[in-house]
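>
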Amino acid sequence: MFLVFQACCGNGICRTFDSPEAMYGSTCCGDNIMNTVSQICCDGVVRERNVGTVYVERCCGNQTITNIQTCCNNNVFNISNGLCCGGKAFVYSPTTRCCDNTLYENINTTSACCGSSIYDGGKSQLCCGKKIYNLTEYDSCCKSNPTTLLYNPYNSKTQQCCSTPILIASTSKCCYLKTNSTYIPTIYNSTTQCCIYPYTKIGTIVNAKCQIV
Numbered sequence: 001m002f003l004v005f006q007a008c009c010g011n012g013i014c015r016t017f018d019s020p021e022a023m024y025g026s027t028c029c030g031d032n033i034m035n036t037v038s039q040i041c042c043d044g045v046v047r048e049r050n051v052g053t054v055y056v057e058r059c060c061g062n063q064t065i066t067n068i069q070t071c072c073n074n075n076v077f078n079i080s081n082g083l084c085c086g087g088k089a090f091v092y093s094p095t096t097r098c099c100d101n102t103l104y105e106n107i108n109t110t111s112a113c114c115g116s117s118i119y120d121g122g123k124s125q126l127c128c129g130k131k132i133y134n135l136t137e138y139d140s141c142c143k144s145n146p147t148t149l150l151y152n153p154y155n156s157k158t159q160q161c162c163s164t165p166i167l168i169a170s171t172s173k174c175c176y177l178k179t180n181s182t183y184i185p186t187i188y189n190s191t192t193q194c195c196i197y198p199y200t201k202i203g204t205i206v207n208a209k210c211q212i213v
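According to the UniProt record's numbering, the residues represented by the sequence shown are 1 to 213, in order.
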């Protein structure tokens with residue numbers, strides 16, 4: 001009678017070993033048996049750890065990756081210490097920007113992202129709501145309300161922000177109404193309405209006085 005040393009994986013295929021010591025490092029990779037000392041499991045695929053003279057310890061998808069490579073979206077790039085942008089690897093520099101997965105290279109160092117586009121960082125352009133505008137037309141951004149990330153451009157010389165831009169010279173005015181612990185900018189008609197403490201609702205002008213009806 002003799003002992004049989006085996007390691008088996010999900011497909012029922014087994015590997016026989018001469019001794020328990022020979023089984024050291026054995027494990028399953030999917031349905032296949034592998035040795036963790038000399039092999040690595042990458043998404044169910046057995047790969048050798050020795051790539052030329054390099055010993056690999058990481059996977060990129062079902063491929064191995066060395067320390068002088070970069071993995072982006074399961075693709076291997078021969079770039080050391082790279083960053084990922086839109087599934088591509090790149091080397092950071094003051095003249096590169098990754099804007100919503102769009103890579104820009106050889107740009108001005110003062111440039112900045114505006115959504116997936118690039119703008120001059122505020123020299124002559126304004127970024128509002130991921131859109132670019134000329135500062136000759138607009139100089140500020142108006143947030144639609146405290147709970148959203150919607151923005152509209154406006155000119156602070158002629159307009160004010162009240163969830164949406166309104167003309168300063170018009171009868172439309174802005175009142176910040178309190179809702180729980182938040183103040184919501186609300187537009188009202190200053191010829192018939194008014195903004196009054198405790199700022200929970202728009203008041204009505206009655207006999208030249210502001211009243212809460």
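In this text, a Cβ means the ideal position worked out from N, Cα and C, and glycines have one as well.
For the beta strand (DSSP E) that Asn-35 lies in, which residues bound it at each end?
In the sequence shown, counting from the first residue as 1, residue 35 sits at position 35. Where Asn-35 is concerned, the enclosing beta strand (DSSP E) stretches over 32 to 35.
> Is DSSP giving Glu-48 helix, strand or coil here?
Start at 1 with the first residue of the sequence shown, and residue 48 comes out as number 48. Note: Glu-48 maps to strand in three-state DSSP.
> Assuming Thr-200 contacts Leu-167 (C-beta within less than 8 Å), just tell me the rounded distance between them.
Taking the first residue of the sequence shown as position 1, residue 200 is located at position 200. Taking the first residue of the sequence shown as position 1, residue 167 is located at position 167. Contact flag wrong, Cβ pair sits at about 26 Å.
> Tell me Gly-203's beta-bridge partners as DSSP assigns them.
The residue labelled residue 203 in the question sits at position 203 within the sequence shown. Answer by DSSP bridge pairing, in chain order: Cys-194.
> Do the CB positions of Asn-106 and Gly-86 come within less than 9 Å of each other?
Counting from one through the sequence shown, the residue named residue 106 turns up at place 106. Counting from one through the sequence shown, the residue named residue 86 turns up at place 86. Contact: no.
> Assuming Thr-186 contacts Thr-204 under a Cβ cut-off of 8 Å, what Cβ separation, rounded to an integer in Å, is found between them?
Counting from one through the sequence shown, the residue named residue 186 turns up at place 186. Counting from one through the sequence shown, the residue named residue 204 turns up at place 204. Between Thr-204 and Thr-186 the Cβ distance is about 14 Å, and since that is not below 8 Å, they are no contact.
> Output needed for Gln-39: all residues of its chain with C-beta closer than 7 Å, excluding positions within five of it in sequence on either side, in chain order.
Reading the sequence shown from its first residue, position 39 is the one you call residue 39. Hits under 7 Å: Val-46, Arg-47, Glu-48, Arg-49.
> Tell me which same chain residues have a C-beta within less than 8 Å of the C-beta of Thr-95, skipping the five on either side of it?
Position 95 of the sequence shown holds residue 95. Excluding residues within five positions, the ones whose Cβ falls inside 8 Å are Glu-105, Asn-106, Ile-107, Asn-108, Thr-109.
> Please work out which residues of its chain come closer than 7 Å, Cβ to Cβ, to Gly-25, disregarding the five sequence neighbours upstream and downstream, and give them in chain order.
Translated into the one-based positions of the sequence shown, residue 25 becomes position 25. Contacts found: Asn-35, Thr-36, Val-37.
> Would you identify the three-state DSSP class for Ala-169, choosing helix, strand or coil?
Residue mapping note: residue 169 aligns to position 169 of the sequence shown, counting from 1. If DSSP states are grouped into helix, strand and coil, Ala-169 belongs with coil.
> So does Ile-166 have its beta carbon nearer than 8 Å to some heavy atom of the ligand SAM?
As far as ligands go, the structure on display features none, and thus does not contain the ligand SAM.
> Would you list the one or two residues that DSSP bridges to Cys-113?
Sequence index remark: in the sequence shown, residue 113 carries index 113 (1-based). Bridge partners of Cys-113: Ile-118.
> In three-state terms, what does DSSP make of Ala-208?
For the purposes of this step, residue 208 is taken as the residue at position 208 of the sequence shown. It is coil, neither helix nor strand.
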